[in-house]
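Here the structure is laid out as structure tokens; the discussion comes afterwards.
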Amino acid sequence: PPGGAGPSAGTSRPPPASDGAEITGTITVAKDLTGRIQDGSVLFVIAHKAAGPPFAVKRIVSPRFPFAYRLGPEDVMMAGSTFDGEVRVSARVSRTGTAGPAQPGDLEGEHAAPVRVGGRAVDIVISQVR
């Protein structure tokens with residue numbers, strides 16, 4: 104059929120997660136820190152399990168705030184790990200754009216409480232300077 108979107112519609116992107124295995128929310132920057140966001144800054148949205156290294160990370164170059172984010176199974180760091188359970192979600196604006204521990208001058212914020220995967224409106228305010 105003309106304009107049909109059959110099984111071979113030519114898209115190489117995976118379908119969106121339909122089982123609710125994602126975390127979504129909006130990241131904003133505290134008014135007193137907005138002047139510190141520079142072009143070329145990199146935003147990291149990071150999920151941590153109770154203890155240990157980051158579990159899932161999304162890297163966004165030159166974000167515009169407020170920024171709506173989505174963390175899902177494709178953002179998991181360790182192959183074979185399932186995107187589930189309870190996590191703490193934080194955000195960091197990096198001036199250098201490098202992953203790893205926060206550097207002096209980076210801006211950070213964290214959601215107030217742990218959330219379960221599937222959480223919506225997991226909003227974060229970036230309000231601290233490292």
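All residue numbers in the sequence shown are consecutive under my numbering, ending with 233. Glycine included, C-beta positions come from ideal geometry on N, C-alpha and C.
Contact between V196 and I140 holds: CB atoms are separated by about 6 Å, below the 8 Å threshold. Only residues of its own chain outside the window of five on either side were considered, and among them I126, G128, V192, H214 and V218 have a CB closer than 6 Å to the CB of V225, listed in chain order. Membership of T129 in the beta strand (DSSP E) is indicated by the continuous run I126 to V132. Taking C-alpha positions only, G143 is separated from R167 by approximately 11 Å. Between A159 and A153, the CB-CB gap reaches or exceeds 8 Å.
For V164, the number of other beta carbons within 10 angstroms of its own is below 16, and it is reported as exposed. In this structure, V232 sits near G208, with a CB-CB distance shorter than 8 Å.
Only exposed fits A182, as fewer than 16 other CB atoms lie within 10 angstroms of its CB. Of the candidates V132, A124 and P157, V132 places its Cα closest to the Cα of I227. Bounds of the beta strand (DSSP E) holding P157 are P157 to V164. Apart from the 5 residues on each side of it in sequence, Q206 sits with its Cβ closer than 8 Å to the Cβ of S197, R198, T199 and R233 in its chain, given in chain order. Between F147 and R162 the beta-carbon gap is near 6 Å, inside 8 Å, which marks them as a contact.
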